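In this text, residue positions in the sequence shown follow my numbering: the first is 8, and each later residue adds one. Every residue gets a Cβ at the ideal spot worked out from N, C-alpha and C, and that includes glycine. Source: prediction; values computed, not measured.
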Amino acid sequence: MKLLEKLIEVRGTSGDEAEIKDFLLNHIHEVKQNWKVQPQIIAGEEFQDAIILVFGKPKTALFAHIDTIGYMSAYGKNLIKIGGPRAVEGYELVGQDSKGEIETELMLIEDENGSTSIQYVLDREIDRGTPLSFKPNFRETEEYIQSPYLDNRLGVWNALQVAETLENGIIVFSTYEEHGGGSVGFLGRYIYDNYQVRQALISDITWVTDGVHHGKGVAISMRDSGIPRRKYLNRILSIASKSGIAHQLEVESAGGSDGTMLQKTDLPFDWCFIGAPEDNVHSPDEKVHKFDIACMVDLYKVLMQEL
8 MKLLEKLIEV RGTSGDEAEI KDFLLNHIHE VKQNWKVQPQ IIAGEEFQDA IILVFGKPKT
68 ALFAHIDTIG YMSAYGKNLI KIGGPRAVEG YELVGQDSKG EIETELMLIE DENGSTSIQY
128 VLDREIDRGT PLSFKPNFRE TEEYIQSPYL DNRLGVWNAL QVAETLENGI IVFSTYEEHG
188 GGSVGFLGRY IYDNYQVRQA LISDITWVTD GVHHGKGVAI SMRDSGIPRR KYLNRILSIA
248 SKSGIAHQLE VESAGGSDGT MLQKTDLPFD WCFIGAPEDN VHSPDEKVHK FDIACMVDLY
308 KVLMQEL
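This is how it looks when you write it as structure tokens:
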């Protein structure tokens, strides 16, 4: 879990993914000689801060978004949300502007009309437009991992575990997911046009709910705000059932992912969101069961091989 902890320490709110992109590229170059297959690494300005890894003769693409939720400094000491972070008084935030490193706390201010604004506590004003992230606070017990940004550093970590033994497939590290998507369209177009790949797995983290629980296995989402094509979903469910890997079925009316964004393109992509469930969503205290993490990695390895 040391790699996961390092990933969480790297900042990368939506639109500001350059640092996490560089970290991933450096890590991949350091460890790829130990992987079963050496991938083609596709990155550059034409791909913004996204990365594509191509292994062998791919049929399926794994998507993992590398951006996080957070806040951005606005006028005065006001903060504006990046994505959908929770706003609780006292949350610790970190960042960097022209004056140096920033450590601050979130404060909720209510005006005479009952409206609430989000502000930061600091003895100076932060440069306008500075991204701020939850302060890293990685905690590990025998059963659980708890930390900010398990969504989606855990999905990225899962992709890197899969990469170690992947023979045929594509891994896509995408951007902007937490703030409305934006990169999966051109990334999907590239892998569809160049490799004729049109089926995807979305390596992301879902929610603990009344029907999805800690310690019961990885969640296969049958729907959220988007609905995967049933024929593709049935193939995944059949492979998962035969594998014997513990899994749960999720059915939700809300929530979205890179899969939802893929569905809104003009590309004939099949997709399915598969991920470990977490408590305390979009907070500094996201919590995932280790058994569910292990099941996630195991199922992805099987699916990337058999789909």
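- In the structure shown, Tyr151 falls within a strand segment according to DSSP collapsed to helix, strand and coil.
- Burial check for Gln270: the Cβ neighbour count within 10 Å reaches 16 or more, so the residue is buried.
- Within the same chain, and ignoring the five residues on either side of Lys64 in sequence, the residues whose Cβ sits closer than 8 Å to its Cβ are Asn175.
- Annotation for Ile178: the continuous beta strand (DSSP E) segment containing it runs 176-181.
- Lys43 counts as exposed, since fewer than 16 other beta carbons sit within 10 angstroms of its beta carbon.
- Note that the region 293-307 touches the region 136-151; at least 3 beta-carbon pairs, one per stretch, sit closer than 8 Å.
- Checking the DSSP bridge columns, you'll see Arg146 partnered with Gln153.
- In this chain, the beta strand (DSSP E) harbouring Gly282 covers 277-282.
- Positions of the beta strand (DSSP E) runs, each at least 3 residues long and wholly inside the region 10-97, are given as 47-49, 58-62, 68-72, 77-80, 86-89 in order along the chain.
- Ranked by how close their Cα comes to the Cα of Ser250, the residues Asn41, Lys308, Pro291 have Lys308 in first place.
- Rounded to whole angstroms, the separation of the alpha carbons of Asp130 and Gly218 is 46 Å.
- Cβ-Cβ distances below 8 Å link Asn85 to Ser124, Ile125, Gln126 in the same chain, with the five nearest sequence neighbours on each side left out; the list follows chain order.
- In the three-state reduction of the DSSP assignment, Asp130 falls in the coil class.
- Look at Val258 here: in three-state DSSP terms it is strand.
- His72 and Leu31 have their C-alpha atoms roughly 12 Å apart.
- Taking 9 Å as the cut-off, the Cβ atoms of Tyr197 and Phe54 count as close.
- Between the beta-carbon of Glu24 and that of Asp74 there is about 5 Å, and that keeps the pair under the 8 Å contact cut.
- Scanning Arg18, Gly51, Ser264 for the CA closest to the CA of Leu208 turns up Ser264.
- Straight through space, the alpha carbons of Glu259 and Arg237 are spaced by roughly 15 Å.
- In the three-state scheme derived from DSSP, where H, G and I count as helix and E and B as strand, Lys106 is classed as coil.
- Tyr82 sits exposed, since fewer than 16 C-beta atoms from the chains shown fall within 10 Å of its C-beta.
- Nearest to Pro155 by C-alpha distance, out of Leu306, Asp286, Asp305, is Asp286.
- Within the DSSP bridge table, the entry for Leu139 names Tyr78, Gly102 as partners.
- Taking one beta carbon from each stretch, the region 158-168 and the region 211-228 have 3 or more pairs nearer than 8 Å; the two touch.
- Straight through space, the alpha carbons of Cys302 and Leu139 are spaced by roughly 32 Å.
- With distances taken between CA atoms, Glu112 lies nearest to Glu99 out of Glu184, Val288, Phe180, Glu99.
- Per the C-alpha coordinates, the member of Asp273, Ile234, Cys279, Met114 positioned closest to Leu244 is Cys279.
- Looking from the CA of Gln255, the closest CA among His221, Lys88, Val191 belongs to His221.
- The three-state reading of DSSP puts Arg196 in helix, counting H, G and I together.
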